[in-house]
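Visitor: The structure that follows is given in the form of C-alpha cells.
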Amino acid sequence: MKKSILTILIMLLLNLAALLKAEELKVTEIGVKGNKILSQEAILAVVKTTVGDPLSKKLLTKDIKEIFNLNIFDEVKVDLLEEKEGIKINFIVVEKPTIKEIKFLGNKEITQEKLKENFTLIEGDLYDENKLKELIGRLENLYRSEGFYYVKISSQSKEVDSQLVNIDLKNKEVDSQLVDIDLKIEEGKKVKIKEINFVGNESFSSWRLKWIISTGKRDYFTKEKIEEDLNQILYFYNNKGYFLCQVELDKVYFDDKKKGLVVNIHINEGDIYLIDGLKFVGSTLFTEKEFLKEVKTGQGKKYSLKDFRGDQGKIMEMYSQKGYISVQIIPKPFIDKEQKKISFEIEIREGEKCFLEKVSVSGNEITKDKVILREVLLKPGEIFDGQKINLTQKKLYQLGFFEQVNMEVIPGDQKNKKILNIKVKERKTGTISLGTTWSSQYGLGGSLEVAQTNLFGNAWKLNVKSEFGKKRMDYRVGFVNPWFKDTPTSLGFNLFRTEQKINEYTTLQKGESISVGREWKSFNKIYLDYKYEKVLFKEVNKNLAPLDIIEKEGKEEATSSISVDLIRDTRDKIYHTTKGYRISYLNEMAGASLGGDVDYYKSVIEGRLYLPAFWKFVLAMRTRFGVIKSITGDDKVRDDFRFYLGGAETIRGYKENDISLIDENKKEHGGSSVFYANFEYRFPIVEPLYFALFLDMGNIWDKYGNFNLSNLKLGRGFSFRIDTPMGPIRLDYGYPMNDKEKKEPEFYFSIGTPF
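Numbering (my numbering), first residue to last: 8 to 762.
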C-alpha cells in the first residue's frame, strides 16, 4: 500500500531497451487498466503523450509521475505493446484501498469526539499512509498540549474483503478494496513542570528570564510552548546586543519523586556586538542617506534585532508608499569577532511598481459593500500604496463591526495590476438585553435595552434603553447615520427623560439633542451638537444641598446649549485597544441668547494613549482637564453642571461624586476646574476574561482655571472584565492612598471599559 516509486523505476529500467527502440515509432493508442474509482478520461487528462506523436521516454516518465500525483493510486506502471502501425501504451494502475472503519483504542482522557475533530481521515476516504502519519503527529500534539508528554500512538491497517462503495466523482458505486485502521493510544501520565532552570546566564538573572517566558511552574509541558519560550529568550538577548547568543533545551527529566518535570534551558550568551555600519545596494528610488535617516540601527549602537526588523519594515513601508509592494530586503551580516562589531550589507530587490485594479469585498453577510468600500483610501488606477492599505484596515477596525479585517492582494489582469480583496469576519453588533443592574451610585435596578450599531448593514446606530430602580428612572432613544446621503457627514438625535436621586436632591430631566458631524481627513472628526433640556429639582435636603439648588426647589429651568467637539482618533480598534491615541477638545456654551434660562461656558480637553508592552500587555493612559464658568461673569454656575470626582469612571477608591468642595456654610458643591488621570496595565487572563491594575489621580478646584496639581487625590486597585453581548462587564476594586479621612476601599460594578 506504499507509494511504490521503486516499482516505477524498476519497470522503466526493464523497458529501457524497448523504450529506446520504441522512440522511433509513433503512438497509436493510449489506455488505462486497473482503474475503478477514476475514469480513464480523467486519468488521461493529465497525460501529455498524444496519439500520432513519436514516443518520448522523457515525456512518458513525466506522465507516470502526473498520474501518481493524482494521489489515488498505490502503484503506476506502463506496458508498451509494439504493433505494425506503432506503439500501444497501457498505464496499469493499482488503486488505494478505501477506509472502512477507524477505531481509537486506549483513549481515556480525551474523548472520541475530540480525537475525530483532529483526525481528518474518515470512513470512505482513500487510504493515504503519509497523511495517516501526519494526523497521528497531530493527535500526539493534542495530547501533549493537555500535558501528556509521553503519549505514544501507533497504527495498524488491516485489509478486509472488497465490496461496492460509493466513492467516485459521479456518485456511482464501484468495487474497492477495503481497509480498517486501528489507532492504539498509550496516553501515559499527565505531567506538569515542577522547576525551570537556566544554565549559562551571566548577564541576566534567572528570575528576570522567567518573566520573559510563558511557561511556568505547574504548567503542562509541551515541546511547542518550550520552543516558543526558547525563541523569546533568544529574542530578548538579541535585543540587548548578543548577536551570537544560542539558546537550547538542555534536559527534561523527572524530579526525585517522579511527580513533576525539571526543565533545564542552556544559554550561551556570547558577547555584545556594536553596529559598525550599514551599506545599501540595489536601490534606485532612495539614497543611502535617505535610508539612514529613517532607521534606528546606527553606527556605534548595540545590535538590536527588534530595531533591525523594525528598520526593514520601515524600508518596506517607504517602498510600499510608492507602489513597490513586492520589494525584497536581504541583509547580509559581516561579523568582526575580535572587535565585537557587526556590519550589514542590505540588498534591496525593488520589483515593479504596482497599481490598484479594483477593490472587492468578501465575508460580509450583514454589512453592505458600500459601508466597507467608502472607508478605502485608494481608488482604482492609483498607485498601490501600502501605507494607505494599512490605514484603511485601521479605519475598518474602528467601525467596531468586525472581529477580523484581512487585506488580501490578488494578481490582476496585468502583471503590474493588483486587486485588493477586503476579507472580513463580522462580530455581533445587535443586542437585546433584559436584566438586573447595580451601581455604586444608584444601587439595585433593572434595565431593558435594544441596541444595534450596524442597523440593516448600513452602519446606522440605534439605541433604545430603559433603566428603572428606586433611585433612577431613565428612558432614552438615540439614532445616528454616520454617512448622511452617502457623504462623510453624520446626523443623529437623542431623546431622553431621566429622574434620579442624587445624594441631597432629586432631578427630573427631559430633553432632546441633535448632532451633525463631519470627517475631515483620516481619523479627524468635528461634531456640532445642539441640546435642549428642562430640569425640575425636588425632594431637596435643605441641610446638605448646595444653596443654589435649595433656591430652585419646585422650579423648572430650561438649558439650551450648543457645542463643538474636535476629535482625532488613531486607535487600532475600539474594543481592547492595543496602540494609538485619541484626543478630543470640547467647547460648550449655554445661555439666554439660545433660548434657555441657564448660561455657562465649558471647555474640556481629553487625551488617551495606548502603548503595547510585551506579549498582550497594554499600558493605557487618560488625562482630562476641564473648566466651567458663567458667561455673565458672576461665577454662579448651577451646581449640577459643575465638576465632581469619584467613582468607577473617574477616581476609583471613592464613592460616586465623593470628591467635592465645602463652602462657608459647610455644604458640598462642585468645582469650576477639574483634572484627573487614569493609568491601567491591562492583559487577558483567558479570553474573554481580562485583568487590569490601575492608578487614578485628580482633584477639583473652586476657581476657574486654578489647577493645583500638588494636591491630588489618589486611588489604586485592580479590575476584572469579561466580554458579553452587552459589552464588557467590569468589576473594580479600589482604595484611596493619601486621604486621612477616607480609608475604606470601594467595589464598583459597571458595564463598559473606563476608557
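Idealized CB from N, CA, C, for every residue including glycine. All of these numbers come straight from a predicted model, not from anything done at the bench.
Grouping DSSP H, G and I as helix and E and B as strand, with all else coil, what is residue 10?
Guide: With a pLDDT of 44 at residue 10, under the threshold of 50, the predicted position of this residue should be treated as unreliable, and no value is reported.
Visitor: Have a look at residue 495 and residue 472 and give me their C-alpha separation to the nearest angstrom.
Guide: 27 Å
Visitor: Should residue 736 and residue 758 be called a contact, given that it needs their Cβ atoms to be closer than 8 Å?
Guide: Yes, these two residues count as a Cβ contact at 8 Å.
Visitor: Name, in chain order, the residues that DSSP records as bridge partners for residue 706.
Guide: 682
Visitor: In its own chain, which residues sit with a C-beta less than 7 Å from the C-beta of residue 317, not counting the 5 before and 5 after it?
Guide: Excluding positions up to five away in sequence, the list reads 303.
Visitor: Rounded to the nearest angstrom, what separates residue 368 and residue 431 at their Cα positions?
Guide: 8 Å
Visitor: Have a look at 133, 192, 150 and flag the residue whose alpha-carbon is nearest the alpha-carbon of residue 185.
Guide: Minimum Cα distance to residue 185 is reached at 133.
Visitor: Helix, strand or coil for residue 178 per DSSP?
Guide: Residue placement at residue 178 is poorly supported in this model, since its pLDDT is 48, which falls under 50; the coordinates are not used for a value here.
Visitor: Specify, as a first and last residue, the run of the alpha helix (DSSP H) that residue 520 falls within.
Guide: Per DSSP, residue 520 is not a residue of any alpha helix (DSSP H); the beta strand (DSSP E) it occupies stretches across 513-526.
Visitor: Residue 551 by DSSP, collapsed to three states: which one?
Guide: coil
Visitor: In angstroms with no decimal places, state the Cα-to-Cα distance between residue 220 and residue 204.
Guide: 12 Å
Visitor: Closest to residue 250 by CA distance: which of 256, 271, 236, 278 is it?
Guide: 278
Visitor: I'd like the span of the beta strand (DSSP E) that includes residue 627, first residue to last.
Guide: 625-636
Visitor: Considering only the alpha carbon of each residue, which of 104, 285, 239 lies closest to residue 300?
Guide: 285
Visitor: When you compare only the Cα positions, how much space is there between residue 117 and residue 154?
Guide: Cα-Cα distance, rounded: 11 Å.
Visitor: Distance check for residue 754 and residue 745, CA to CA, integer angstroms please.
Guide: 18 Å
Visitor: Please go through the same chain and pick out, in chain order, the residues whose beta-carbon is closer than 6 Å to the beta-carbon of residue 10, but skip the five residues on each side of it.
Guide: Bear in mind that the predicted position of residue 10 carries a pLDDT of just 44, short of 50, making it too unreliable to give a figure here.
Visitor: I believe residue 677 touches residue 723 by the beta-carbon criterion, under 8 Å. Please report the beta-carbon distance rounded to the nearest angstrom.
Guide: Contact doesn't hold; Cβ gap of about 24 Å is too wide.
Visitor: Can you tell me where the beta strand (DSSP E) with residue 105 in it begins and where it stops?
Guide: 105-112
Visitor: Kindly indicate which three-state DSSP category residue 509 falls into: helix, strand or coil?
Guide: coil
Visitor: Expressed to the nearest angstrom, what Euclidean distance is found between the alpha-carbon atoms of residue 509 and residue 542?
Guide: Looking at the two C-alpha atoms, the distance is approximately 13 Å.
Visitor: Rounded to whole angstroms, what's the CA-CA distance from residue 517 to residue 600? Just pull it up for me.
Guide: When rounded, the distance between both Cα atoms is 20 Å.
Visitor: Relative to the C-alpha of residue 463, which candidate in 375, 388, 544, 408 has its C-alpha closest?
Guide: 375
Visitor: Would you identify the three-state DSSP class for residue 222, choosing helix, strand or coil?
Guide: The three-state reading of DSSP puts residue 222 in coil, since its state is none of H, G, I, E or B.
Visitor: Should residue 561 be labelled buried (16 or more other beta-carbon atoms within 10 Å of its own) or exposed?
Guide: exposed
Visitor: Once the 5 residues before and after residue 465 are set aside, which same chain residues still bring their CB inside 7 Å of it?
Guide: 375, 378
Visitor: Return helix, strand or coil for residue 745, following the three-state DSSP convention.
Guide: coil
Visitor: With DSSP run on the structure shown, which of helix, strand or coil describes residue 569?
Guide: strand
Visitor: With DSSP collapsed to three states, give me the class of residue 142.
Guide: helix
Visitor: Which whole-angstrom value describes the C-beta separation of residue 387 and residue 403, a residue pair presumed to lie in contact below a C-beta threshold of 8 Å?
Guide: Not really, about 18 Å apart at Cβ, beyond 8 Å.
Visitor: Mapping the DSSP letters down to three states, classify residue 490 as helix, strand or coil.
Guide: coil
Visitor: Could you tell me the distance, in whole angstroms, from the CA atom of residue 708 to the CA atom of residue 551?
Guide: 20 Å
Visitor: Output needed for residue 333: all residues of its chain with C-beta closer than 8 Å, excluding positions within five of it in sequence on either side, in chain order.
Guide: 358, 359, 361
Visitor: Within 8 Å, do at least three Cβ pairs link the segment 562-577 to the segment 595-612?
Guide: yes
Visitor: Below 8 Å, how does it come out for the segment 621-629 and the segment 663-681: are there three or more Cβ pairs, yes or no?
Guide: No contact exists between the segment 621-629 and the segment 663-681.
Visitor: Below 8 Å CB to CB, which residues in the same chain sit around residue 383 once its five sequence neighbours on both sides are set aside?
Guide: 366, 399, 427, 429
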